[in-house]
Amino acid sequence: MKIAQIAPLAECCPPKLYGGTERIVSYLTEELVRQGHEVTLFASGDSQTKAKLVRCSDMALRLNPSVKDHTPYHVMMLDSVREQADDFDVLHFHIDLLHFPVIREFADRTVTTLHGRLDLPDLKPFYAAFPEIPLVSISRDQRRPLARPINWVGNVYHGLPRDMLPFTANPKGNYLAFLGRISPEKRPDRAIEIAARAGMKLKIAAKIDRVDQAYWDETVAPMITAHPNVEYIGEINESQKADFLGNARALLFPIDWPEPFGLVMIEAMACGTPVIAFRCGSVPEVITPGKSGFIVKTLDGAVEALAKVEALDRGKVRESFEKRFTVERMARDYIAIYRGLPGTRTEAARIRRQQGDEVGLQSVA
Numbered sequence: 243m244k245i246a247q248i249a250p251l252a253e254c255c256p257p258k259l260y261g262g263t264e265r266i267v268s269y270l271t272e273e274l275v276r277q278g279h280e281v282t283l284f285a286s287g288d289s290q291t292k293a294k295l296v297r298c299s300d301m302a303l304r305l306n307p308s309v310k311d312h313t314p315y316h317v318m319m320l321d322s323v324r325e326q327a328d329d330f331d332v333l334h335f336h337i338d339l340l341h342f343p344v345i346r347e348f349a350d351r352t353v354t355t356l357h358g359r360l361d362l363p364d365l366k367p368f369y370a371a372f373p374e375i376p377l378v379s380i381s382r383d384q385r386r387p388l389a390r391p392i393n394w395v396g397n398v399y400h401g402l403p404r405d406m407l408p409f410t411a412n413p414k415g416n417y418l419a420f421l422g423r424i425s426p427e428k429r430p431d432r433a434i435e436i437a438a439r440a441g442m443k444l445k446i447a448a449k450i451d452r453v454d455q456a457y458w459d460e461t462v463a464p465m466i467t468a469h470p471n472v473e474y475i476g477e478i479n480e481s482q483k484a485d486f487l488g489n490a491r492a493l494l495f496p497i498d499w500p501e502p503f504g505l506v507m508i509e510a511m512a513c514g515t516p517v518i519a520f521r522c523g524s525v526p527e528v529i530t531p532g533k534s535g536f537i538v539k540t541l542d543g544a545v546e547a548l549a550k551v552e553a554l555d556r557g558k559v560r561e562s563f564e565k566r567f568t569v570e571r572m573a574r575d576y577i578a579i580y581r582g583l584p585g586t587r588t589e590a591a592r593i594r595r596q597q598g599d600e601v602g603l604q605s606v607a
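In my numbering, the protein residues as written are 243 to 607.
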């Protein structure tokens, strides 16, 4: 198949630092190329890929100090996609909703994966206005806020390359890990409190967005200062992640929002590191209690779970990842969705359309 992957421009593919959506787009793109498909990636100019790269900005927008507004660059990218749309059998969008008016004429051979939260009130009327656009969720829980009519064509959990994060059977560090963003919904303050109650060291590897600077200054930074057991190490890159997660006793995922997926959970699982997660959003769909970690509702529950985490078999944690969250499985799921779209240009789709035309002509006659 000739497939277009359209990525956000905030980060390159794969990201140099933080960037969950762009990371998934990169993994999917490379796996589709490996499987023999002809893939074109619309992404930032500093992206690295074996697919054909259409450079839609000089570099990742978040890391470019001269860029103040991301929207113009995405609009220019969409114009490029529109001009080339006839070159592809299927077009796969990962940029939320900007493209909806542009793709209406060829929506039946598009897929849009929604990577963000869908409980914001302004989204309901928007998606209701575009009921023909084929959508994919990344967890079943993500769908709950949107009432019908919504054209859900699939649910695809994220996947990672099998050999990207090596299994660590015997972690060297006696610490808990927090990886992600410093933000109120990710609740690093909870992670600090859990570690303090458990009497364990906590390492925090996370970025701080401008919108979350006040939360860092007023809440998290003072807590870190007050707790000598907590170390903030900033953003880490992909090469540092295996050591950081693999040598942790457990990953703390103390979220307080409807998390659409939570990529860091399966990254930890790939390393064999159990996850202690709060019951929000997608967590019950990702974590198998007693096997890949524990799901809790309170701080006390998290501390109690930590007392049991050493009894978990890290090999079973890795096994959970391999069975459910590899990039091969993710790519297979998406290919099945692509082939099921009514407008996808495959030989089978052409035959179905021809048969449909013949039936229509016979009925008219």
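Yeah, the Cβ is synthetic: ideal placement off N, Cα and C, and Gly gets one too. Since the structure is predicted, the reported quantities are computational estimates derived from the model, not experimental observations.
Check whether residue i and residue j have beta carbons under 9 Å apart
i	j	result
G543	V395	no
Y580	H334	yes
I450	I475	no
V551	I518	yes
M442	L362	no
L444	E473	yes
L418	A437	yes
L360	E509	no
S299	C255	no
A327	F348	yes
S381	S524	yes
P500	P387	yes
I577	Q247	no
Rounded straight-line distance, which links the Cα of residue j to that of residue i
i	j	result
D498	E546	19 Å
D286	R297	First, the residue type needs correcting, since residue 286 is Ser and not Asp in the sequence shown. So the alpha carbons of these two residues sit roughly 5 Å apart.
H279	P413	39 Å
K258	V344	30 Å
L320	D383	29 Å
S322	I245	15 Å
L377	V353	6 Å
A590	P426	Here the model assigns A590 a pLDDT of 48, short of 50, so the residue's position is not dependable and the matter cannot be decided.
V275	L541	44 Å
G488	C513	5 Å
K292	V267	13 Å
E468	D431	Here the sequence assigns Ala to residue 468, which means Glu is not the residue at that position. One C-alpha to the other measures close to 12 Å.
T410	E325	47 Å
A463	F520	22 Å
T263	N471	32 Å
A433	A302	30 Å
F284	F536	38 Å
P496	G585	42 Å
N397	L305	31 Å
A492	M511	10 Å
R265	E435	30 Å
I392	V528	24 Å
V281	L270	10 Å
E460	I466	11 Å
A490	E477	17 Å
N538	G422	Reading off the sequence shown, one finds Val at residue 538, where the question assumed Asn. Spanning the two alpha carbons is a distance of roughly 19 Å.
K366	L339	12 Å
F486	N416	11 Å
T530	T355	25 Å
D311	H336	19 Å
K558	F567	14 Å
M243	R346	21 Å
L554	P526	18 Å
Assigned exposure category for residue i - 16 Cβ within 10 Å defines buried
i	result
K428	buried
G358	exposed
T515	buried
S562	buried
K483	buried
G532	exposed
A456	exposed
G261	buried
R390	exposed
E273	buried
V453	exposed
F368	exposed
D331	buried
R351	buried
A573	buried
S379	buried
A371	exposed
inquiry  = Taking 8 Å as the cut-off, does the segment 310–321 touch the segment 251–267 (at least 3 CB pairs, one atom from each stretch)?
reply    = Contact between the segment 251–267 and the segment 310–321 is established, with three or more Cβ pairs separated by less than 8 Å.
key: Those runs of the alpha helix (DSSP H) which lie wholly inside the segment 524–587 and span at least 4 residues   = Qualifying alpha helix (DSSP H) stretches, in chain order: 525–528, 541–551, 556–566, 569–582.
request  = Would you check if the segment 398–414 and the segment 501–516 touch, i.e. whether three or more CB-CB distances between them fall below 8 Å?
outcome  = Yes, the segment 501–516 is in contact with the segment 398–414.
message = Just to confirm the assignment: which complete alpha helix (DSSP H) runs, minimum length 4, are found wholly within the segment 431–493?
response = Fully enclosed alpha helix (DSSP H) runs of 4 or longer: 463–468, 480–488.
task = Kindly provide the ranges of any beta strand (DSSP E) runs that are 3 or more residues long and lie completely inside the segment 244–311, ordered along the chain.
result = Fully contained in the segment 244–311 are the following beta strand (DSSP E) runs of length 3 or more, in chain order: 244–248, 280–285, 294–297.
query = What runs of the alpha helix (DSSP H), each 4 residues or longer, lie entirely inside the segment 302–379?
reply = List check, alpha helix (DSSP H) in window: 313–326, 365–370.
key: beta strand (DSSP E) runs wholly inside the segment 491–520, at least 3 long, in chain order   = DSSP runs (the beta strand (DSSP E)) wholly in the segment 491–520: 492–495, 517–520.
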